[in-house]
Amino acid sequence: MPKTKSSQKPESTCEAEATFGPTNVAIRVGDITEAACDAIVCSTDKHFKMTGAVAYAIRHKTGLDLDKEIAKKKKALSRSGIAFIPTKGMTSKCIIVVNTHGDWEKSLRLALTKADDEGHKSVAVPLISTDIGVSTGVDFGGTLCKIVTGISFKRLKKVEVVLIRQTDFTDVASGVQKYVQSNGPRICGYIKGKLGEEVYGNAQSISILNSCGIIFIRMR
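In the working numbering, the protein residues as written are -10 to 209.
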C-alpha cells in the first residue's frame, strides 16, 4: 500500500454506513486509491496546485503527472471550479478535481452533483485537507449528510468517505450521528433501517437509533 504524503498508513479497518434514500454513505479508514468506486474526488489549492495527500497517493499509485493534466484543465477549473481527469492504474477510472479554497461545502456539493450528471454510480471522497483553505474543527460528516439529503441523485448510489486516521473516522461518524439526532423528523424518509434494531461492537462502536430508524455503524 502506498504511503500518503505525510507517511501515515491507515490505522485500522473502521467502517460505517448510512443510507439516505437511494444513496449509501460509507465511511472507512483505508487507502483511497484502492476504493472500488467510479471516481475519486481530489482537491486543488487556489493556485491549482495538487499538493494534498490524495494527489500524492494518486501519483504514487498511477504515475500520472497530475500537474500536467491540471494545466490542461485550468480554464475549466477557473470557470466552473471542477474538472474531470481520466486515469488508469486504479479501480477508479476518473479523478474529479475541485478547487476547495474558500467555500469547501459548495465544492463538495458541486463534485457530487456533477458526478451524478456524468453518470457515476459511486464516488470516493477524502476528508478535505486543512492545507487548502478548510479550517480544523469543521463538521465534515454533518455537512456531507446535509448535501446528500438535499440532492435528488439520479445515478449516484454510493459516496465512500475514505480516511487515513482513526481520529478522523470518529469525528466524521460523530458528525453523522449529530446530524441525524438534530434532523431526525425532517429526514425520516431518507433513513433506511429497521426500527428498534441494535448495533453491538467494541467500545468505540457508534449506534445511532432514533424515532425514524437506524444508521448502521460497525467497526471490525
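Every residue, glycine too, gets a C-beta built ideally from N, C-alpha and C.
Task: Supposed contact pair S81 and A113 - C-beta distance, whole angstroms, cut 8 Å - done: 6 Å
Open item on the list: Considering Cα atoms alone, identify which of K167, R154 and I71 is closest to R98.
Closed with: I71
Open item on the list: Quick check on S111: does DSSP put it in helix, strand or coil?
Closed with: The three-state secondary structure of S111, taken from DSSP, is strand.
TODO: May I ask you to report which of helix, strand or coil DSSP gives K77?
DONE: Secondary structure at K77: coil, using DSSP grouped into helix, strand and coil.
- [ ] Between the Cα of A104 and those of P11, M79 and C83, spot the shortest distance and give me the residue it belongs to.
- [x] C83
TODO: Taking only runs that begin and end inside the stretch 35 to 95, name each unbroken beta strand (DSSP E) of 3 or more residues, in chain order.
DONE: 71 to 75 and 83 to 88
Open item on the list: Whole angstroms are fine: how far does the CA of F158 sit from the CA of Q8?
Closed with: Residue identity check: residue 8 is Thr in the sequence provided, not Gln. Here the C-alpha atom of T8 lies approximately 17 Å from the C-alpha atom of F158.
Task: Three CB pairs or more closer than 8 Å across the stretch 8 to 20 and the stretch 137 to 157 - done: yes
Task: Proximity below 8 Å, CB of E275 to CB of F142 - done: Past the boundaries of the shown model lies residue 275; the chain is included only from -10 to 209, so the question cannot be answered.
Task: Residues that I16 bridges to, as DSSP identifies them - done: A5 and V150
Open item on the list: For E44, which residues in the same chain have their Cβ closer than 6 Å to its Cβ, ignoring the five residues on either side in sequence?
Closed with: It is worth fixing the name first, because residue 44 is Ala in this sequence and not Glu. Cβ neighbours of A44 beyond the five flanking positions: C31 and L55.
Task: Reduced DSSP category for C134 - H, G, I as helix; E, B as strand; rest coil - done: helix
Open item on the list: Quick check: G33 and N88, are their CB atoms within less than 8 Å of each other?
Closed with: In the sequence under discussion, the amino acid at residue 33 is Thr, which differs from the Gly named in the question. Yes, the Cβ-Cβ distance between T33 and N88 is below 8 Å.
- [ ] Please state if the CB of V165 and the CB of G131 are separated by a distance shorter than 8 Å.
- [x] yes
Task: Alpha carbon of V148 to alpha carbon of K38, nearest angstrom - done: 25 Å
TODO: Flag this pair as yes or no: are the beta carbons of S111 and C26 separated by less than 8 Å?
DONE: When the beta-carbon positions are compared, S111 and C26 come within less than 8 Å of each other.
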